[in-house]
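Peer 1: Below you will find the structure I want to go over with you.
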Amino acid sequence: MINYNELIQYAALFIIPIFLMGAHNWLISHLQPKTDQKLVTTHRAAEKMGLSLALFIGTVLLMFFIAPSAHLMLNVYSGLAIGFALISSFLIIPIFLSSLLKEISRQQLGLKFLYHQHLWLALFFIIATELLVLYWLKEVNNYAQQQFLVFMLGYSALIIMGGFRLAFPKPKRQTQPIEWRLKIVALIDPIIIVCLAYILINILLKIYNYLYA
Numbered sequence: 155m156i157n158y159n160e161l162i163q164y165a166a167l168f169i170i171p172i173f174l175m176g177a178h179n180w181l182i183s184h185l186q187p188k189t190d191q192k193l194v195t196t197h198r199a200a201e202k203m204g205l206s207l208a209l210f211i212g213t214v215l216l217m218f219f220i221a222p223s224a225h226l227m228l229n230v231y232s233g234l235a236i237g238f239a240l241i242s243s244f245l246i247i248p249i250f251l252s253s254l255l256k257e258i259s260r261q262q263l264g265l266k267f268l269y270h271q272h273l274w275l276a277l278f279f280i281i282a283t284e285l286l287v288l289y290w291l292k293e294v295n296n297y298a299q300q301q302f303l304v305f306m307l308g309y310s311a312l313i314i315m316g317g318f319r320l321a322f323p324k325p326k327r328q329t330q331p332i333e334w335r336l337k338i339v340a341l342i343d344p345i346i347i348v349c350l351a352y353i354l355i356n357i358l359l360k361i362y363n364y365l366y367a
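Converting from the sequence shown to our numbering requires adding 154 to each position, the first position being numbered 1.
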């Protein structure tokens with residue numbers, strides 16, 4: 155039997171990134187012709203490492219926050235999730251998001267964007283981190299849905315903040331003003347990536363529940 159509520163929910167989920175991609179394209183098409191700015195993605199590697207470390211620490215703090223009790227952070231499953239979060243944090247920020255956001259910051263987004271290698275690598279590590287946290291929660295708590303939702307929201311916020319910091323435009327000269335459209339694009343682009351990750355993880359969980367329910 156068709157669940158129309160689920161269909162409406164997924165339609166709404168798909169509309170959000172499509173709308174944001176349209177907003178990105180509109181903003182890019184209305185940039186001032188003489189806009190000549192470079193992005194934060196050209197910053198030193200140490201700054202990207204700092205953002206990666208902040209993402210990792212934030213992820214671990216989120217796990218502590220949602221853990222039913224502190225001692226449950228000291229088991230094999232939490233160790234696996236934390237270890238993978240460490241690896242993913244130092245891949246997502248300085249490599250995949252950095253290159254992806256720099257490349258799309260002045261481009262129109264279309265189907266080609268959805269085939270971008272760095273997009274899918276970033277999505278893989280984001281989703282894998284979230285699924286490992288969910289696995290840990292399932293092992294220590296039978297009712298993990300609410301805690302996992304809190305983690306997903308917090309982790310998504312961390313990714314958005316890190317992506318915004320990476321993509322935020324930096325003028326070549328101190329006195330050169332930054333066009334407001336570029337600032338909004340810098341915020342929209344990581345939100346698009348997080349929305350796509352949210353859609354994919356929901357689809358994966360639905361498939362899993364259907365197969366193993």
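Idealized CB from N, CA, C, for every residue including glycine.
Just to confirm, is the Cβ distance from Ala-321 to Ser-259 under 9 Å?
Peer 2: Translated into positions along the sequence shown, residue 321 becomes position 167. Translated into positions along the sequence shown, residue 259 becomes position 105. In contact: Ala-321 and Ser-259 (Cβ atoms closer than 9 Å).
Peer 1: Within 10 angstroms of the Cβ of Gly-237, are there 16 or more other Cβ atoms? Answer buried if so, exposed if not.
Peer 2: For the purposes of this step, residue 237 is taken as the residue at position 83 of the sequence shown. Exposed: under 16 other Cβ atoms inside 10 Å.
Peer 1: Could you pull out every unbroken beta strand (DSSP E) segment of at least 3 residues lying fully inside the region 175-241, listed in chain order?
Peer 2: 191-193
Peer 1: Do Leu-358 and Ile-368 come within 9 Å of each other at the CB atom, strictly closer than that value?
Peer 2: In the structure as shown, the chain starts at 155 and stops at 367, and residue 368 therefore has no counterpart that could be examined.
Peer 1: Look at the Cβ atom of Leu-291, then the Cβ atom of Phe-305, and state whether they are nearer than 9 Å.
Peer 2: Start at 1 with the first residue of the sequence shown, and residue 291 comes out as number 137. Start at 1 with the first residue of the sequence shown, and residue 305 comes out as number 151. Going by C-beta atoms, Leu-291 is nearer than 9 Å to Phe-305.
Peer 1: Would you mind sorting Ala-200 into buried or exposed? The rule is 16 or more other CB atoms within 10 Å of its CB.
Peer 2: Residue mapping note: residue 200 aligns to position 46 of the sequence shown, counting from 1. Exposed, by the Cβ-count rule.
Peer 1: Starting from the Cα of Leu-174, find the closest Cα among Ile-353, Asp-343, Tyr-309, Lys-360 and give me that residue.
Peer 2: Taking the first residue of the sequence shown as position 1, residue 174 is located at position 20. When each option's Cα is compared against that of Leu-174, the closest is Asp-343.
Peer 1: How about Gly-212 and Gly-317: do their beta carbons lie closer than 9 Å?
Peer 2: As a first step, residue 212 must be located in the sequence shown, where it is residue number 58. As a first step, residue 317 must be located in the sequence shown, where it is residue number 163. In this structure, Gly-212 lies away from Gly-317, with their beta-carbon atoms at least 9 Å apart.
Peer 1: Less than 9 Å between the beta carbons of Pro-222 and Val-294, yes or no?
Peer 2: Translated into the one-based positions of the sequence shown, residue 222 becomes position 68. Translated into the one-based positions of the sequence shown, residue 294 becomes position 140. By the CB criterion at 9 Å, Pro-222 and Val-294 fall inside the cutoff.
Peer 1: Alpha carbons only, please: which of Val-287, Ile-169, Tyr-164 is nearest the one belonging to Ser-232?
Peer 2: Translated into the one-based positions of the sequence shown, residue 232 becomes position 78. Nearest option by C-alpha distance: Val-287.
Peer 1: Going by alpha carbons, who is nearest to Gln-262 out of Ser-183, Glu-333, Tyr-362, Ile-314?
Peer 2: In the sequence shown, residue 262 corresponds to position 108, counting from 1. Selected option, being the one with the closest Cα: Ser-183.
Peer 1: Beta-carbon within less than 7 Å of Pro-171's beta-carbon, same chain only, minus the 5 sequence neighbours each way: which residues are those?
Peer 2: Reading the sequence shown from its first residue, position 17 is the one you call residue 171. Hits under 7 Å: Ile-346, Cys-349, Leu-350.
Peer 1: For Gln-163, collect the residues of the same chain with a Cβ closer than 6 Å to its Cβ; drop the 5 residues on either side in sequence, then sort them by chain order.
Peer 2: For the purposes of this step, residue 163 is taken as residue 9 along the sequence shown, with counting starting at 1. Within the same chain, Gln-163 has no close Cβ partners at all.
Peer 1: By the DSSP assignment, the alpha helix (DSSP H) with Ser-253 in it spans what residues?
Peer 2: The count along the sequence shown starts at 1 and reaches residue 253 at position 99. It spans 252-258 - the alpha helix (DSSP H) in which Ser-253 sits, taken as one unbroken run.
Peer 1: Could you tell me if Ala-390 is buried or exposed, where buried requires 16 or more neighbouring beta carbons within 10 angstroms of its beta carbon?
Peer 2: Residue 390 is absent from the structure shown; the chain starts at 155 and stops at 367.
Peer 1: Pick out whichever of Leu-185, Ala-166, Ala-177, Ser-310 has its Cα sitting closest to the Cα of Pro-323.
Peer 2: Indexing the sequence shown from 1 puts residue 323 at position 169. Out of Leu-185, Ala-166, Ala-177, Ser-310, Leu-185 has the C-alpha closest to the C-alpha of Pro-323.
Peer 1: What is the DSSP secondary structure of Glu-333, counted as helix, strand or coil?
Peer 2: In the sequence shown, the residue the question calls residue 333 occupies position 179. Correct three-state label for Glu-333: coil.
Peer 1: Kindly indicate which residue of Met-227, Leu-181, Ser-206 has the alpha-carbon position closest to the one of Leu-336.
Peer 2: As a working mapping, residue 336 is identified with position 182 in the sequence shown. Considering only alpha carbons, the answer is Leu-181.
Peer 1: For Leu-209, which residues of its own chain have a beta-carbon under 8 Å away from its beta-carbon, when the five flanking residues on both sides are left out?
Peer 2: Within the sequence shown, the letter at position 55 stands for residue 209. For Leu-209, where only same-chain residues beyond five positions count, the Cβ hits under 8 Å are Ser-243, Ile-246, Ile-247, Leu-312, Ile-313, Gly-316.
Peer 1: At which residues does the alpha helix (DSSP H) containing His-272 begin and terminate?
Peer 2: Numbered from 1 along the sequence shown, position 118 holds the residue referred to as residue 272. Run containing His-272: 271-294, per the alpha helix (DSSP H) assignment.
Peer 1: Pull up the distance between the alpha-carbon of Phe-278 and that of Phe-302, whole angstroms please.
Peer 2: As a first step, residue 278 must be located in the sequence shown, where it is residue number 124. As a first step, residue 302 must be located in the sequence shown, where it is residue number 148. So the two alpha carbons sit approximately 18 Å from each other.
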